[in-house]
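Scroll down for the structure; my scribbles are underneath it.
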Amino acid sequence: MIERIVIHRFRGIRQGDLNHLRKFNLFIGPNNSGKTAILELLYLSATSGRSVQFIRDDLLPAETGVLKATTSARTDLLGYEPLPYLRQRHGKHSEWNGNPAVVTAEGGLEINLRRLPNSDGAPPWNSFRLAAPLPDWGEQDVYAFSKEDIARIAMFTLPQPAMLDPSMIPPAIAEAGVRPAGAATDTTTAAPTPTTGTATEVEDVSSAATDTTTAATTTEPTPAATTPIFDWHYLWEPDWVYRWDRQQPIDRLAVWVTQGERPQPQQVVFFSSQTANSHFTDHFANWAYHNVKDWHETLAERMAQVFPALEGAKIEVLDTPDAQSGRTGYVRFPNRTPLAIDQFGDGARHAFKLLAALTALAATVDDDHPGLLLWEEPEVYMHAATLNRLLRIVADIVAQKPIQVCITTQSLEVLAWLILYLDQQPAMQPDQISTFHLNLKDGQLHVRPFIGKALGSWFDFFGDPRLIEEDELASPLTRLLSIREERE
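First residue of the sequence shown? That's 1 in UniProt numbering, and the numbers climb one at a time after it.
Set out below in structure tokens:
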């Protein structure tokens with residue numbers, strides 16, 4: 001699973017280091033604090049799985065001129081194209097028509113980075129190529145890029161590069177102690193791991209209360225047999241790059257490094273209100289129907305656990321109404337005609353589509369093929385009691401599977417559920433769960449991790465962890481409870 005992310009200029013994050021990621025992760029914090037940006041960054045990282053070669057002619061014949069690489073896969077598990085999916089989330093056309101790329105005669109992509117208009121800021125390098133693998137003799141070429149790919153690709157990944165040219169390493173990432181595998185002088189020691197006010201036990205909580213900025217760097221020994229996996233990711237579409245205070249050519253790109261094993265694109269689900277309000281793709285629905293054992297039956301059982309009124313109903317995924325593209329779910333009660341899930345309330349639609357995706361994901365993973373669920377704001381549309389049941393089912397599913405979960409939330413209900421879950425002998429161990437309070441100040445990502453039960457300890461000692469560095473009475477709920485307490 002992904003354990004750490006070191007970030008250079010992705011969206012609103014100019015610089016950041018997010019460490020201590022676990023199996024089950026919760027992100028909290030103010031609006032515009034980088035929570036959704038982290039989900040999107042993880043999504044782009046995990047869906048970069050289409051094999052290519054990265055070539056910089058200006059570095060040839062040096063070893064760093066040709067490197068093994070990947071770029072965005074055609075689809076994720078749900079059948080969504082990664083970059084178009086994220087562009088639509090931000091109100092853009094799904095296709096990027098301004099991509100400075102062309103298809104080469106060999107079926108690769110050549111990208112010629114441009115200067116920004118009215119700017120003397122040069123790109124970090126003038127051009128590079130992404131070369132597609134060659135097909136086997138006599139077989140159809142399924143690897144070559146097409147003109148349609150140009151509008152759908154804006155990044156590449158270098159998996160565990162042994163060496164990198166200095167022009168490809170942002171100073172902030174180098175200062176975090178992250179370096180290509182071949183550049184390390186001591187292979188028995190992991191890269192320095194900055195701590196960010198981590199609270200893991202009750203006794204740590206009081207000191208953490210006054211430490212809200214990045215603490216001093218520490219180095220933790222790693223067994224010689226365990227070499228950290230560092231994958232380097234580069235994104236060149238300008239709208240995704242933090243644009244202020246550029247000082248060096250590399251500042252024209254968003255660059256980040258992930259530590260740990262990334263899943264394959266076919267084991268990745270990004271679930272948001274955008275997903276909940278969309279029909280299933282034909283790609284996903286057909287695949288799940290033919291490959292996920294008892295998909296409909298399992299989904300019906302889990303929906304009844306969330307919504308007891310659905311006990312005894314059957315679930316099917318069929319054609320959408322009005323001859324629309326894609327598929328949707330139908331609920332069939334005994335002796336009644338089926339009712340489309342979209343005819344139910346928003347909460348039922350949200351839960352149905354999440355559980356349909358997660359049930360399929362859980363059926364595809366094993367220890368060699370881990371999964372990733374990115375879930376944006378589970379509380380959307382959900383009643384408190386229903387939310388409690390849905391979170392419990394999700395936790396029970398992923399506890400038995402190699403699936404990493406990352407959730408953003410603004411809900412005190414979600415935090416309360418997690419605290420209670422950890423107190424009730426959960427299927428997951430406390431050290432498999434992290435909660436992160438995020439905040440952005442002048443583009444610097446400030447992170448406070450709470451490992452396991454430390455979240456509950458903070459709540460007991462200091463109150464609402466969402467309001468770290470803020471006036472607690474800014475919350476209407478806290479203010480109401482405070483007024484009631486004073487009256488008593």
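Note that the Cβ used here is the ideal one computed from N, Cα and C, for glycine as well.
These figures come from a predicted structure and were not determined experimentally.
*Whole angstroms is fine: what's the gap from T274's alpha carbon to D342's?*
A quick correction: the sequence has Gln, not Thr, at residue 274. Rounded to whole angstroms, the gap between the alpha carbons of Q274 and D342 is 14 Å.
*Given H8, which residues of its chain have a CB within under 6 Å of its CB, disregarding the five upstream and five downstream residues?*
Spatial neighbours of H8 in its own chain (CB-CB distance under 6 Å, excluding positions within 5 residues in sequence) are listed in chain order as P170, A172, I173, V255.
*Since I believe T409 is in contact with F86 (beta carbons under 8 Å), could you give me their beta-carbon distance rounded to a whole number of angstroms?*
Residue identity check: residue 86 is Leu in the sequence provided, not Phe. With a Cβ gap of about 20 Å, L86 and T409 do not count as contacting.
*Can you round the beta-carbon distance between residue 501 and S72 to whole angstroms, since I take them to be within the 8 Å contact cut?*
Lying outside 1 to 488, the shown extent of the chain, residue 501 is not represented and no answer is given.
*Mind checking who H350 pairs with in its DSSP beta bridge?*
Note: H350 sits in no beta bridge, so no partner.
_Beta-bridge partners of F27, as assigned by DSSP_ = Assignment of beta-bridge partners to F27 by DSSP yields T408, F436.
_Inter-residue Cα distance where the pair is A154 and A101_ = Distance between the alpha carbons of A154 and A101 is about 9 Å.
*CA-CA distance, T213 and F333?*
Residue placement at T213 cannot be trusted, given a pLDDT of 41 that sits under 50; the coordinates are not used to answer.
*asked:* Assuming the contact rule is C-beta atoms closer than 8 Å, N32 and G12 should be a hit. Round their C-beta distance to whole Å, please.
replied: Yes, they are in contact, since the Cβ atoms of N32 and G12 sit about 7 Å apart, within 8 Å.
_Spatial distance of I28 from R4 (CA atoms)_ = For I28 and R4, the distance between alpha carbons rounds to 17 Å.
_Please identify the residue among N439, A131, L415, R252 whose C-alpha is closest to the C-alpha of A454._
The candidate whose alpha carbon is nearest that of A454 is L415.
*CA-CA distance, L387 and Q53?*
L387 and Q53: Cα-Cα distance of roughly 45 Å.
*asked:* Check this for me: beta carbons of F156 and Y80, under 7 Å apart or not?
replied: Judged by beta-carbon spacing, Y80 lies beyond the 7 Å limit of F156, meaning their Cβ atoms are not closer than that value.
*Terminal residues of the continuous beta strand (DSSP E) containing H446?*
According to the DSSP assignment, H446 belongs to the beta strand (DSSP E) that extends over 444 to 451.
_Counting beta carbon pairs with one atom in the region 311 to 328 and one in the region 258 to 276, are three or more of them shorter than 8 Å?_
No, the region 258 to 276 does not touch the region 311 to 328.
*asked:* Is it buried or exposed, P166, if we count other Cβ atoms within 10 angstroms and call 16 or more buried?
replied: Here P166 is exposed: its Cβ has fewer than 16 other Cβ atoms, across all protein chains shown, within 10 Å.
*Limits of the unbroken beta strand (DSSP E) element including N32*: Secondary structure note for N32: it is in no beta strand (DSSP E), with a DSSP letter that is neither H nor E.
*The beta strand (DSSP E) spanning P159 covers which residue range?*
155 to 159 is the extent of the beta strand (DSSP E) around P159.
*Do you know how far the Cα of L339 is from the Cα of P228?*
Distance between the alpha carbons of P228 and L339 is about 50 Å.
*Would you say A181 and A151 are within 7 Å of each other, going by their C-beta atoms?*
The answer is no: Cβ separation not under 7 Å.
*On the three-state DSSP scale, how would you describe Y289?*
It is helical.
*In whole angstroms, what is the alpha-carbon distance linking P378 and F352?*
Pairing P378 with F352, the inter-Cα distance amounts to about 12 Å.
*So does the region 244 to 255 actually touch the region 353 to 364, counting three or more Cβ pairs closer than 8 Å?*
Fewer than three pairs of CB atoms, one per stretch, sit closer than 8 Å, so the region 244 to 255 makes no contact with the region 353 to 364.
*Residue range of the beta strand (DSSP E) that includes T75*: Per DSSP, T75 belongs to no beta strand (DSSP E) and is neither H nor E.
*Please confirm whether any heavy atom of the ligand FMN lies closer than 6 Å to the CB of G456.*
Among the ligands in the structure shown, none appear at all, so the ligand FMN cannot be discussed.
_Check for me: the alpha helix (DSSP H) holding R252 runs from which residue to which?_
Per DSSP, R252 belongs to no alpha helix (DSSP H) and is neither H nor E.
*Going by C-alpha distance, which of A131, K92, C406, Q259 is nearest L374?*
It is C406.
*Could you tell me the distance, in whole angstroms, from the CA atom of E40 to the CA atom of E297?*
Taking the straight line from one Cα to the other gives about 32 Å.
*At which residues does the alpha helix (DSSP H) containing I229 begin and terminate?*
Where I229 is concerned, there is no enclosing alpha helix (DSSP H), given that its DSSP letter is neither H nor E.
*Hey, could you find the ends of the beta strand (DSSP E) H8 is sitting in?*
Its beta strand (DSSP E) spans residues 2 to 10.
_Contact defined as beta carbons within less than 8 Å: I believe A46 pairs with P402. What is the distance between those atoms, to the nearest angstrom?_
Separation of the CB atoms of A46 and P402 is rounded to 14 Å, and the pair is thereby denied contact status at 8 Å.
*Measure the C-alpha to C-alpha separation of I55 and R129 and round it to an integer number of angstroms.*
So the two alpha carbons sit approximately 5 Å from each other.
*Beta-bridge pairing of Y234 - partner residues as DSSP gives them*: Answer by DSSP bridge pairing, in chain order: F156, V255.
_Which residue wins for smallest C-alpha separation from P430, given the options F24, I38, D57, G329?_
Per the Cα distances, F24.
_At the level of alpha carbons, what is the spacing between L42 and A105?_
Put simply, the backbone Cα of L42 is about 33 Å away from that of A105.
*Segment limits, beta strand (DSSP E) that includes W295*: Secondary structure note for W295: it is in no beta strand (DSSP E), and the uninterrupted alpha helix (DSSP H) holding it is 295 to 306.
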